[in-house]
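What follows is one structure encoded as structure tokens, with my remarks underneath.
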Amino acid sequence: MTNDSMYEILMNLPAFRGITYNKVSQIVEKAKFHFLRFSPGSIIVDEGEECTYVKFIIKGAAKISIIDKAKRFSVEQTLTAPSMISPDFLFGRITRYPGRVVAQGAEDCGIVQISKNDYMQLLAGDEILILNMLNMLSMNSQQGLWGALAISNGSLERRIASWIIALTQNDATDIVIHAGQDDFYRIFSTDKEIFDKTIESMTQCSLIDSEPFTLRIKSRRELRDMLS
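The sequence shown begins at 7 in the working numbering and counts up by one.
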């Protein structure tokens with residue numbers, strides 16, 4: 007890989023967006039970036055693994071699977087370039103990945119990673135990098151506020167939307183929820199009649215597709231807009 011192509015890749019990543027070519031050159035001299043390839047089906051990150059690296063997808067796709075401790079439900083989402091993997095868990099009280107991340111699709115998944123220590127040193131020396139990270143974290147924290155307001159609203163449709171938004175990344179696609187029918191009722195504190203009517207309404211609005219024990223999200227953005 008030439009320096010020009012490497013710099014172009016880094017400048018396209020959300021954490022480095024807005025920095026100049028010369029600045030990227032300085033960053034590469036200060037920090038070590040590792041370029042990795044994972045064949046389809048290979049594990050990129052395992053559930054509970056410590057977040058010691060900042061990881062970005064630069065090619066292909068990866069699927070994140072989150073399963074609750076009681077194994078009552080699972081949430082799957084797909085990330086593509088230039089997504090950052092689980093940025094919410096880099097800092098704070100919990101710094102372990104919430105789910106397994108697996109390379110997905112017909113081609114290899116390309117990852118570039120930098121150690122969290124190196125990344126923190128870069129943040130300390132550049133306002134643009136700090137703003138990029140703050141914007142990502144702020145967007146995710148605001149989603150939690152939308153979720154709380156949706157719950158207080160009482161609408162099951164909004165509660166479902168807030169739950170999905172809270173458990174997935176902003177740029178996620180191919181979101182799939184698996185749970186038993188009774189588990190769906192318990193998760194959303196409702197009964198069969200109300201749940202079925204709500205799912206039918208959301209299906210007619212092209213927000214989701216439903217199958218037995220499965221909800222497929224057609225548009226995360228529309229669910230998010232419903233809450234704002």
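C-beta atoms are modelled at their ideal positions from N, C-alpha and C, and glycine is treated no differently.
Here the structure is a predicted model, which means the values were calculated and not measured.
Cβ of residue i within 8 Å of Cβ of residue j?
i           : j           : result
residue 109 : residue 15  : no
residue 78  : residue 185 : yes
residue 85  : residue 210 : no
residue 112 : residue 218 : no
residue 221 : residue 183 : yes
residue 25  : residue 17  : yes
residue 135 : residue 129 : yes
Please list the terminal residues of the continuous alpha helix (DSSP H) segment that includes residue i.
i           : result
residue 35  : 27-36
residue 124 : 122-130
residue 209 : 198-210
residue 78  : Run containing residue 78: none; DSSP gives neither H nor E here.
residue 171 : 162-173
Buried or exposed for residue i, going by 16 or more other Cβ atoms inside 10 Å?
i           : result
residue 27  : exposed
residue 137 : exposed
residue 69  : buried
residue 187 : exposed
residue 99  : exposed
residue 35  : exposed
residue 82  : buried
residue 226 : buried
residue 22  : buried
residue 67  : buried
Got a sec, what are the start and stop residues for the beta strand (DSSP E) residue i sits in?
i           : result
residue 3   : Only positions 7 to 234 of the chain appear in the structure, and residue 3 is not among them; the question remains open.
residue 189 : It is not in any beta strand (DSSP E) - residue 189 instead sits in the alpha helix (DSSP H) that spans 187-193.
residue 227 : It is not in any beta strand (DSSP E) - residue 227 instead sits in the alpha helix (DSSP H) that spans 226-233.
residue 217 : 214-217
residue 109 : 106-110
residue 293 : Residue 293 is absent from the structure shown; the chain starts at 7 and stops at 234.
Rounded to whole angstroms, what's the CA-CA distance from residue i to residue j? Just pull it up for me.
i           : j           : result
residue 33  : residue 189 : 48 Å
residue 125 : residue 94  : 15 Å
residue 56  : residue 199 : 42 Å
residue 139 : residue 121 : 15 Å
residue 37  : residue 180 : 34 Å
residue 232 : residue 141 : 21 Å
residue 234 : residue 223 : 18 Å
residue 59  : residue 43  : 15 Å
residue 145 : residue 203 : 31 Å
residue 29  : residue 123 : 19 Å
residue 104 : residue 74  : 9 Å
residue 177 : residue 127 : 26 Å
residue 131 : residue 41  : 23 Å
(message) Taking contact to mean 3 or more Cβ pairs, one atom from each stretch, closer than 8 Å, check whether the stretch 49-66 and the stretch 82-99 are in contact.
(response) These segments touch.
(request) Would you check if the stretch 158-173 and the stretch 182-199 touch, i.e. whether three or more CB-CB distances between them fall below 8 Å? (result) yes
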